[in-house]
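Structure, as structure tokens:
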């Protein structure tokens, strides 16, 4: 007769045990780095082209008018909301909806990259 496994099965309702006491800033830095999405971008013909981790791309103009910037600022202070409005205006509601269905971390990373590039272009255009 085969030996019977007497190891108790974990209780599905019981919370898992975590070692909070030995968690360090270094552990956290490694965990965050492992979760950081691999968002890439290039600039082609005056447009920002960003690539999400699944390979899908988004294309946005970098030559915005003052009126467009005012509209974005009036919409929200949140860069994700601003980028969503810009996508809606440029590429349509479907492109904006696809953008917002993504993982929040990827969405925020893409918005941050776009506005960072836009800001660098604006600073480079200022006279010294």
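In full-length UniProt numbering, the protein residues as written are 1 to 128. Where is the CB? At the ideal position from N, CA and C, for every residue including glycine.
Contact under 7 Å by Cβ, residue i with residue j
| i | j | result |
| --- | --- | --- |
| residue 59 | residue 49 | yes |
| residue 74 | residue 87 | no |
Which of helix, strand or coil DSSP assigns to residue i
| i | result |
| --- | --- |
| residue 90 | helix |
| residue 1 | In this prediction, residue 1 scores a pLDDT of 49, lower than 50, which makes its location untrustworthy; the coordinate-derived value is nonetheless stated afterwards. In this structure, residue 1 counts as coil in the three-state DSSP scheme. |
| residue 37 | coil |
| residue 60 | strand |
| residue 13 | coil |
| residue 52 | coil |
| residue 21 | coil |
| residue 77 | coil |
Cα-Cα separation, residue i to residue j
| i | j | result |
| --- | --- | --- |
| residue 53 | residue 102 | 10 Å |
| residue 71 | residue 65 | 10 Å |
| residue 117 | residue 19 | 41 Å |
| residue 38 | residue 113 | 12 Å |
| residue 111 | residue 76 | 13 Å |
| residue 68 | residue 45 | 19 Å |
| residue 13 | residue 98 | 36 Å |
Assumed close pair residue i, residue j - CB separation to whole angstroms, cut-off 8 Å
| i | j | result |
| --- | --- | --- |
| residue 80 | residue 105 | 11 Å between Cβ atoms; not a contact. |
TODO: Report yes or no: do three or more beta-carbon pairs, one from the stretch 88-99 and one from the stretch 20-29, lie closer than 8 Å?
DONE: No: fewer than three Cβ pairs fall under 8 Å.
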